[in-house]
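S.K.: Pasting a structure here, questions to come.
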Amino acid sequence: MNYKKIRKNAKALSPVVASIILIAVTVAVSVVVAAWMGGMTIGLMGNAEQVAITNTQNVNSTSVSVSVQNTGAATATIVSATIDGKPVTFSGINSVGSPSTSITKGTTSVFTLQQSSPFTSTAQYVIKLQTAKGNVITYTYTYTGP
560 MNYKKIRKNA
570 KALSPVVASI
580 ILIAVTVAVS
590 VVVAAWMGGM
600 TIGLMGNAEQ
610 VAITNTQNVN
620 STSVSVSVQN
630 TGAATATIVS
640 ATIDGKPVTF
650 SGINSVGSPS
660 TSITKGTTSV
670 FTLQQSSPFT
680 STAQYVIKLQ
690 TAKGNVITYT
700 YTYTGP
């Protein structure tokens, strides 16, 4: 009889302890999910292009030389170029000296952009290069004359 009395008054867990356990489990699961998602985003971002125009130099009254540096983790390919929104012809030389429109990671390539009309002295022009992945590199160029 004494045994039934003890069992009748016994409780499994207090509400406070149960709440603490639930919070601890929730935090543990969220840490695991955050680590898993972080690993996925780093994997996706590892192939991101990070390309920038680092220097420009006058070639003649219709051409400009553009140095493009790739600091990303993947090779970037330049597919089109414009100056003030007008398409221009372009040719590229990679860091080894070979003709190319691709810039391997960690290197700099030089592109020559040629437009049909001459530049105006001391005028500013907006150069835009587009990569195969759709990224646009923008640079403001000031033509200083021949």
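FYI, in this note's numbering the residues of the sequence shown are 560 to 705.
Where a beta carbon is used, it is the ideal one built from N, C-alpha and C, also for glycine.
1. Spatial neighbours of residue 698 within its chain, please: CB distance less than 6 Å, with the 5 preceding and 5 following residues excluded, ordered by chain position.
2. Going by Cα to Cα distance, which pick from 641, 631, 645 is closest to residue 665?
3. Measuring only the C-alpha atoms, how far is residue 586 from residue 641?
4. Residues bridged to residue 594 by DSSP?
5. Any idea if residue 682 is buried or exposed, counting beta-carbon neighbours within 10 angstroms, 16 or more meaning buried?
6. Taking all protein chains shown into account, decide if residue 651 is buried (16 or more other Cβ within 10 angstroms of its Cβ) or exposed.
7. Could you have a look at residue 607 and say whether DSSP puts it in helix, strand or coil?
8. Residue 609: buried (16+ other C-beta within 10 angstroms of its C-beta) or exposed?
9. With a cut-off of 8 Å on the beta carbons, I'd call residue 663 and residue 634 a contact; round off their distance for me.
10. Under 7 Å Cβ to Cβ from residue 674, same chain only, skipping five residues before and after it: list those, please.
11. Using a threshold of 8 Å, state whether the C-beta atoms of residue 678 and residue 625 are closer than that.
12. Near residue 575, what residues of its chain come up, given a Cβ to Cβ distance below 8 Å and the 5 sequence neighbours on each side ignored?
M.R.: Looking at the coordinates:
1. Closer than 6 Å at the Cβ level, and outside the excluded window around residue 698, lie 612, 686.
2. When C-alpha distances from residue 665 are compared across 641, 631, 645, the shortest belongs to 631.
3. Straight-line Cα distance between these residues: approximately 51 Å.
4. Partner(s): none; residue 594 has no beta bridge.
5. Within 10 angstroms of the beta-carbon of residue 682 lie fewer than 16 other beta-carbons, which makes it exposed.
6. It counts as buried.
7. Here residue 607 carries a coil assignment [DSSP, helix/strand/coil].
8. Around the beta carbon of residue 609, fewer than 16 other beta carbons sit within 10 angstroms, so the residue counts as exposed.
9. Taking a contact as a CB-CB distance under 8 Å, the pair residue 663 and residue 634 counts as one, their CB atoms being some 5 Å apart.
10. Cβ within range, chain order: 621, 642, 645, 647.
11. A distance of 8 Å or more separates the beta carbons of residue 678 and residue 625.
12. Listed in chain order, the non-local C-beta contacts of residue 575 below 8 Å within the same chain number zero, local neighbours out to five positions each way being set aside.
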